[in-house]
Amino acid sequence: MDSTITSDIERKNPKFANLLKMLRSRTTPDTNKEDAELLLAKTEYLKQKILYESVQHLLMKDNANSELSTVQTQFQLSECLDCLHIDNPFDLKPADVTSHVVLDQMKLKEEKELLASNVENHLCDVCMHLTRLHDLPNPPESPKVLYARAIQLGGLVREEKLESLKLGKRMGELRGMQEEAYLRLHHELHGCVDILSKIINKYTFTLQCEKTKILINDSVQSFETLAAKLRSIRVALLSETYTPHRVAALRNIFTEQENELKSRQQELDSITHQLEAYRKLGGEFEAVVREYTSKQDAIAKNKWSLEQVSKSMMI
């Protein structure tokens, strides 16, 4: 049995196994009768010192790393799991909460194992440090002094144990008060849920209409806000684009273009008048040409007539 326990301890915590081996070697009977009294005194002192340091360490760990929040979470989840029904108003299933409960239980188990490992390591360190007194060739204190200190440490250990019991009792009372408060809160919350379910079932259409109106009003306000923002952006862009210098320059350019347009319009009017004059001259020139052509034809005819007359006279 001892070998099985030792192998298990060596596998789980090698440091603690080494300490057990060392303590086992320290507890072997000593053949030297002269040092028996000193060995007994040192052993008693070490035992009381280890107890005192262990109780102090556990009290400090309880005050520093309280698991009250984890216990509250466990209580709340378990209560929620017990109170879930098939026709619950939130359409929850026990399987939806069970996974979280299992995870929290696993986490709580890991934290407890880690706390136990830390306590074991602390006890190992205390024992390793205090057992070095056995290796001192000349102990600094006599057996009587060691006995006196052991008795004093035993009294301190008893006081610390009583304080620890009081603290545990107080924590138990507080835990009971918290459980009662949680139960009251649980019943009140379920009552509120029932009332809210009835209100929602009764005023569904009214609430939907009100919700639609609120959404429409919010949309209108959003559009108005967006329009105002766009107007402000337009004004900002116009103010950034049309500065006084740019406006003056644009006015000068507009004036120059207007003057140039007027001058070109005047030139176009003069050209139009010239074209009209040219058209009139063209009409007069065409009339002169027609008259000249008719005169030429008449001259040609007269010339031909004279030639015929002259030919007839020569015959």
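This note's numbering applies: residue 122 is where the sequence shown begins, and numbers increase by one.
Note that CB positions come from ideal geometry on N, CA and C, so glycine has one too.
Pairing L371 with V356, the inter-Cα distance amounts to about 19 Å. Under the three-state reduction of DSSP output, Y363 falls in the coil class, being neither helix nor strand. Taking C-beta separations shorter than 7 Å and ignoring five residues to either side along the sequence, K422 has no partners in its chain. Between Q299 and K323, the alpha-carbon positions lie close to 36 Å from each other.
C-alpha of V430 to C-alpha of V410: approximately 30 Å in a straight line. The C-alpha of E381 lies about 22 Å from the C-alpha of L396. Cα atoms of K424 and A398: separation of roughly 38 Å, rounded to the nearest angstrom.
When rounded, the separation of the alpha-carbon atoms in E361 and I354 is 10 Å.
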